[in-house]
Amino acid sequence: ESWSSHVKWAAVDLLNADASAIDAVLGSPESIISCLGVVDSNPDILRRGNGAANVNAFAAAKRARVKRSVYVSVAAEVAACKENWLPFAKEEFGAYFEGKRLAEEAAADAVGGDATKLCIVKPTFIYG
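In this note's numbering, the protein residues as written are 252 to 379.
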(Lines of atoms letter the chains of each structure in order from A; the text may use other names.)
(Lines give C-alpha, C1' and ligand atoms only; values in the text may rest on other atoms or scores of the structure.)
Protein backbone atom coordinates (compact mmCIF):
# COMPACT_ATOMS: atom_id res chain seq x y z
CA GLU A 252 0.00 0.00 0.00
CA SER A 253 1.26 3.48 -0.82
CA TRP A 254 0.41 4.91 2.62
CA SER A 255 2.76 2.44 4.32
CA SER A 256 5.81 4.28 3.00
CA HIS A 257 4.76 7.28 5.13
CA VAL A 258 4.64 5.28 8.35
CA LYS A 259 7.60 5.04 10.70
CA TRP A 260 7.57 1.39 11.74
CA ALA A 261 9.11 0.54 15.11
CA ALA A 262 9.08 -2.40 17.51
CA VAL A 263 9.44 -2.82 21.26
CA ASP A 264 8.65 -5.61 23.70
CA LEU A 265 5.92 -3.98 25.80
CA LEU A 266 6.12 -6.69 28.45
CA ASN A 267 9.88 -6.78 28.99
CA ALA A 268 11.31 -3.41 27.96
CA ASP A 269 11.81 -0.73 30.59
CA ALA A 270 9.86 2.54 30.45
CA SER A 271 12.69 4.50 28.83
CA ALA A 272 12.97 1.98 25.98
CA ILE A 273 9.22 2.11 25.37
CA ASP A 274 9.30 5.93 25.51
CA ALA A 275 12.14 6.01 22.97
CA VAL A 276 10.22 3.88 20.49
CA LEU A 277 6.90 5.67 21.03
CA GLY A 278 8.37 9.15 20.67
CA SER A 279 5.91 12.06 20.88
CA PRO A 280 2.76 11.05 19.03
CA GLU A 281 -0.40 13.13 18.99
CA SER A 282 -2.49 9.97 19.31
CA ILE A 283 -2.17 6.35 20.33
CA ILE A 284 -4.27 3.53 18.90
CA SER A 285 -3.97 0.07 20.38
CA CYS A 286 -5.57 -3.07 19.03
CA LEU A 287 -3.08 -5.21 20.90
CA GLY A 288 -4.50 -8.38 22.39
CA VAL A 289 -3.86 -12.08 22.72
CA VAL A 290 -5.86 -15.28 22.85
CA ASP A 291 -4.33 -18.19 24.73
CA SER A 292 -5.26 -20.89 27.23
CA ASN A 293 -2.85 -19.61 29.89
CA PRO A 294 -4.46 -17.05 32.26
CA ASP A 295 -1.16 -15.26 32.91
CA ILE A 296 -0.50 -14.82 29.19
CA LEU A 297 -4.05 -13.53 28.73
CA ARG A 298 -3.78 -11.07 31.61
CA ARG A 299 -0.35 -9.80 30.55
CA GLY A 300 -0.96 -9.77 26.81
CA ASN A 301 -4.31 -8.00 27.02
CA GLY A 302 -3.60 -5.93 30.12
CA ALA A 303 0.02 -5.26 31.05
CA ALA A 304 1.28 -4.75 27.49
CA ASN A 305 -1.41 -2.14 26.84
CA VAL A 306 -0.94 -0.54 30.26
CA ASN A 307 2.76 -0.05 29.45
CA ALA A 308 1.99 1.42 26.02
CA PHE A 309 -0.64 3.83 27.35
CA ALA A 310 1.63 4.85 30.26
CA ALA A 311 4.30 5.81 27.72
CA ALA A 312 1.69 7.74 25.75
CA LYS A 313 0.69 9.60 28.91
CA ARG A 314 4.32 10.51 29.59
CA ALA A 315 4.48 11.83 26.00
CA ARG A 316 1.36 13.94 26.68
CA VAL A 317 -0.68 12.25 23.98
CA LYS A 318 -3.79 14.20 22.89
CA ARG A 319 -6.02 11.28 21.87
CA SER A 320 -6.30 7.67 22.99
CA VAL A 321 -8.03 4.81 21.16
CA TYR A 322 -8.31 1.22 22.31
CA VAL A 323 -9.96 -1.78 20.66
CA SER A 324 -11.40 -3.79 23.56
CA VAL A 325 -14.22 -6.32 23.63
CA ALA A 326 -18.01 -5.97 23.73
CA ALA A 327 -19.80 -6.19 27.06
CA GLU A 328 -22.07 -8.79 25.47
CA VAL A 329 -19.09 -11.10 25.12
CA ALA A 330 -18.25 -10.70 28.81
CA ALA A 331 -21.90 -11.33 29.73
CA CYS A 332 -21.73 -14.72 27.99
CA LYS A 333 -18.60 -15.93 29.75
CA GLU A 334 -20.50 -17.82 32.45
CA ASN A 335 -22.13 -20.05 29.84
CA TRP A 336 -19.15 -20.43 27.52
CA LEU A 337 -16.72 -23.21 28.10
CA PRO A 338 -17.39 -23.73 31.80
CA PHE A 339 -13.99 -25.43 32.12
CA ALA A 340 -12.28 -22.18 31.03
CA LYS A 341 -13.71 -19.66 33.51
CA GLU A 342 -10.27 -18.75 34.86
CA GLU A 343 -9.04 -18.08 31.33
CA PHE A 344 -12.05 -15.92 30.44
CA GLY A 345 -11.68 -14.05 33.73
CA ALA A 346 -8.03 -13.26 32.97
CA TYR A 347 -8.89 -12.19 29.42
CA PHE A 348 -11.57 -9.73 30.58
CA GLU A 349 -9.43 -8.49 33.47
CA GLY A 350 -6.68 -7.64 30.99
CA LYS A 351 -9.15 -5.81 28.74
CA ARG A 352 -10.49 -3.84 31.74
CA LEU A 353 -6.97 -2.82 32.79
CA ALA A 354 -6.21 -1.69 29.24
CA GLU A 355 -9.40 0.39 29.06
CA GLU A 356 -8.49 2.10 32.33
CA ALA A 357 -4.97 2.81 31.04
CA ALA A 358 -6.33 4.22 27.76
CA ALA A 359 -8.51 6.63 29.73
CA ASP A 360 -5.68 7.54 32.09
CA ALA A 361 -3.41 8.36 29.14
CA VAL A 362 -5.64 11.37 28.41
CA GLY A 363 -6.36 12.28 32.02
CA GLY A 364 -9.75 10.57 31.97
CA ASP A 365 -11.10 13.14 29.47
CA ALA A 366 -13.87 11.29 27.61
CA THR A 367 -13.69 13.81 24.74
CA LYS A 368 -10.16 12.56 24.01
CA LEU A 369 -10.88 8.85 24.38
CA CYS A 370 -12.41 6.26 22.08
CA ILE A 371 -12.89 2.66 23.17
CA VAL A 372 -14.17 0.42 20.41
CA LYS A 373 -15.89 -2.72 21.69
CA PRO A 374 -16.48 -5.30 18.97
CA THR A 375 -17.30 -8.92 19.56
CA PHE A 376 -14.35 -11.31 19.25
CA ILE A 377 -12.07 -10.58 16.29
CA TYR A 378 -10.38 -13.52 14.62
CA GLY A 379 -7.53 -13.12 12.20
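Glycine is no exception: its CB is placed at the ideal position from the N, C-alpha and C atoms.
Predicted, not measured: the structure shown is a model, and the values here were computed from it.
Let me know the secondary structure DSSP gives I283 once reduced to three states.
-> Strand, per DSSP.
Which residue from L266, N301, S285 and V263 puts its Cα closest to that of E343?
-> Distance from the Cα of E343 is smallest, within the candidate group L266, N301, S285 and V263, for N301.
Pull up the CB-CB distance for K368 and R319, whole angstroms please, since I reckon it's below 8 Å.
-> The Cβ separation is near 5 Å, so the contact holds.
Unbroken beta strand (DSSP E) runs of length 3 or more, entirely within the region 265-328: which are they?
-> Whole beta strand (DSSP E) segments, 3+ residues: 282-285 and 319-323.
Starting from the C-beta of D274, find all residues in its chain whose C-beta is less than 8 Å away, skip the five residues before and the five after it, and write them out in chain order.
-> Excluding positions up to five away in sequence, the list reads A311, R314 and A315.
Find the nearest neighbour of I283 within the set D269, R352, W254 and N305, judged by alpha-carbon distance.
-> Just measuring C-alpha positions, the residue of D269, R352, W254 and N305 sitting nearest I283 is N305.
Between the region 355-362 and the region 319-328, do at least 3 Cβ pairs fall closer than 8 Å?
-> Judged by Cβ distances under 8 Å, the region 355-362 makes contact with the region 319-328, as three or more pairs qualify.
Along the chain, where does the beta strand (DSSP E) that runs through C332 open and close?
-> First-last for C332: undefined, no H or E at that position.
Should A340 and D295 be called a contact, given that it needs their Cβ atoms to be closer than 9 Å?
-> It is not a contact, given that the beta carbons lie outside the stated cut-off.
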